[in-house]
Every structure is written in C-alpha cells, then in structure tokens.
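> Take this structure first; my questions come after.
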Amino acid sequence: MAWNEPGGGKRDPWKSNNKPPDLDALLKRLQAAVGQIFGGRGTGSGGSGSSLGIISLVIGVVVAWCVFDSWTVVDARQIGVVLRFGQFERVMHEGFNLKLPRPIEQVTKVEATKVRSVEDQVRMLTQDENIIQIDFNVQYQIADAKHFLYSIRDPDDTLKQAAESAVRQVIGGSDMDTALSGQGSELVSETKKVLQQTLDGYDSGIQVTDVNFKMVSPPSEVQKSFDDVNSAREDKQRIENQAQAYSNKVVPEARGEATRIKTEAEGYKAERIARAEGDAQRFSLLYGQYKAAPEVTRKRLYLETLQQVLSSSVKVVDMTNGKNLIYLPLDKLKGGGDGAPVDAALAPVLGTVSATPHGGQQ
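Every letter in the sequence shown is one number past the one before it in UniProt numbering, and letter 88, counting from 1, is 88.
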C-alpha cells in the first residue's frame, strides 16, 4: 500500500510529525563505507574517531588541492590556453589568472613572442629545366595559440612541408640565372608571401617573420660543369667590359676628329667661297677697266702675273756677251730676303750687276 493511500497511517515522509533522522546511524553507515574502502570494519567508538579523522584528512587534502591549483601566473612572453574537460575554453593573458583545479581545467602555456625557426634543404627543377639545390631557413612566431596547439598536429613539420611547397612553386617558375643572381631577394619575398597564404589556409596560428635562402647552388654532382659555365660567363662579361671601355675611349676621339674635320671643311668652304666671290668681284672691276682701255689693262695684267710668278723663284740671266751672269733677286747676294740661297758654284762668277733698260749690255 502506498504511503499516500487511505490506511497508509503514519508513513507519509513529508508530514511534519515525522521523527528526525538518526545521526548516529548515518555516521555508522558512513564509517562502515570508509572502513571498507580502507580495509577496516570501523566498529566501536575508537573506530568511529579514526574514520572521522581520515575523512577530515581527505577533505583537507581536497580543499588544499583546490586552493593550490585554482590559479596560475602567465608570463609576459606567454599565452595560456585553457581546456575544460579536454575542450578549448578560453585564453589567458599576462598576469595572475584564476581557473578550476585539475582535472576540470588544464592550462597549456606557450611563448608567443619567441622566434622559432625551421631549416630544410630541397632540390628542384627550375623553369629552364636545370637542377638547383636550396638550403633555406624559416623564422616564425605564434600568432594564435589556440590554432597553433590544436588546429595542426605537428606545427614544425607542417611549416616545413608548406615551406618546401612554396619554394618549389616560386623557384619552379624562375630560371636558374634568376635564382643565382641578385634577384634572389625578390624570390625570397614571393616565397614568404606564398608560405603565409598556405599557413593561413590551414588556420595554423603561425606568423612567418622571415625567410632566408642560406645557399642557392647546383647539386655537387654537376658543380664542375656549373663552374665551367660560370667561368665562361665571367670571361664573356670581362670581354664585354673591355670592349665597352675601348668603345668609350675610341668613340669620343672619333667624334672629336670628325668634328675637327668638319670644322676645317667648313672653314675651307667659307674661304673658297670668299676667294671666289673676291675673284669674281675683281674680274668685274677689271672688265670695266678693260672696256675702257683694253691694251693698257692687258699689259698691266701681264706684268702683274709675271711679277707674281717670278717673285717666288730664283732667276739667273745669261747676258748675250756670255761674260757675266745676273742673279736675281739681288738681295740674295747679301743673304737677306726670302729667296733661295745663292749656289756656292755661282758665287765666284757673280760680279757687280748694273742694269740697262730694255736689254742694254753690262
């Protein structure tokens, strides 16, 4: 019969006239349970006191553990990630932070400001189908502690594989000379950009700070052939530099010589034109005089021409009697003037010259 049915009598537990529970019986049952746990029966008054001491000790230990494990300090360089029953709960920042004791909440601290690095070596084909070997280094920091710890299984291995993929993508689109030349900085920047995009796609929580190509070279198996090619390239560059230096020297000289010749030609041209114009003008004047007095003008022109021709030459006149020679010009007998010097063989026969007009004898 149920307690709330008629005839249930005094068995209604909710009525106020029920007796209070027996504390002694409750303690005995608790003592018996603890005694079974610790291997004792817990009977008698001594056993009851011992059980209460053990319970108090356990409770004290639990309370002390809760107090001790309910706080943590996060360093300025760190970020704390809190898990509650194994699931992400929140992020702790610098300073004193409260939390629930373990195993309810667990805190994992990571150094967010620390610069980490991974290194690797990779061989690949360039765009012009040459084999190249690159030793590279990637430096990074933790940008998101939650994703860094729980979005990827092995951050360093993930970063290494993503970096290899980025290097292959960038170098594979360039030729070998570009990779080995001074344009390497542009390739490094492009590699860093591609790598960061890949890591962001993984929600890795990694921020790439720098990418370095420590060594870019052909593999050791083809190093000798590559050195020969480099030597030939250096010889080519040296010869080109020598040719350029020779060109820089000769071309200005040739241009200067051309300018000088052109200037002289222009001067000669101007001189000839002026002389021709002067001759034409003089001829016009002579023509006017010739029209006025033809015979006189003709004789004057003859004499002027004869004077011009004979003035620059040595003249020796043999007289009809064959005794004396006349040496013209006369000033050469005294060593003056601009005429030619007197021949030593003629000096003894040159006497005093007296001229008579119109072929008179001496």
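Just so you know, even glycine gets a beta-carbon here, dropped at the ideal spot from N, CA and C.
Would you kindly work out how many angstroms separate the C-alpha atoms of residue 340 and residue 306, rounded to a whole number?
Below a pLDDT of 50, predicted positions are generally treated as unreliable, and residue 340, at 45, falls in that range; no measurement from the model is reported.
> Since residue 215 sits in a beta bridge, which residues does DSSP pair it with?
The partner list for residue 215 (beta bridge, DSSP) reads 135.
> If you follow the alpha helix (DSSP H) that residue 310 is in, where does it begin and where does it stop?
Counting along the chain, the alpha helix (DSSP H) containing residue 310 begins and ends at 294-310.
> From residue 59 to residue 140, what does the alpha carbon distance come to, in whole angstroms?
The alpha-carbon atoms of residue 59 and residue 140 are separated by roughly 47 Å.
> Which two residues bound the contiguous alpha helix (DSSP H) that contains residue 146?
Segment 145-150, the alpha helix (DSSP H) holding residue 146.
> Quick check: the Cα distance between residue 205 and residue 177, rounded to an integer number of angstroms?
Going by the C-alpha atoms only, they are around 35 Å apart.
> Of all the options 121, 84, 314, 25, which has the alpha carbon lying nearest to the alpha carbon of residue 215?
Closest by alpha carbon: 121.
> Which residues bound the beta strand (DSSP E) around residue 161?
Run containing residue 161: none in the beta strand (DSSP E); it sits in the alpha helix (DSSP H), 155-172.
> Bridge partners for residue 206 per DSSP, in chain order?
142.
> Measuring CA to CA, which of 84, 117, 197, 97 is closest to residue 391?
The question about residue 391 has no answer here: the residues shown for the chain are numbered 1 through 362.
> DSSP three-state label for residue 99, please.
Here residue 99 sits in coil by DSSP.
> Can you give me the C-alpha to C-alpha distance between residue 218 and residue 200, rounded to a whole angstrom?
Their backbone Cα atoms lie some 32 Å apart in a straight line.
> Is it the case that the stretch 123-131 contacts the stretch 86-96, given that we only count it when at least three CB pairs across the two stretches are under 8 Å?
As far as the Cβ criterion goes, the stretch 86-96 does not touch the stretch 123-131, which means the pair count is below three.
> For residue 225, which option in 130, 116, 56, 146 has the closest C-alpha, if you only look at C-alpha atoms?
Of the candidates 130, 116, 56, 146, the one whose C-alpha sits nearest the C-alpha of residue 225 is 130.
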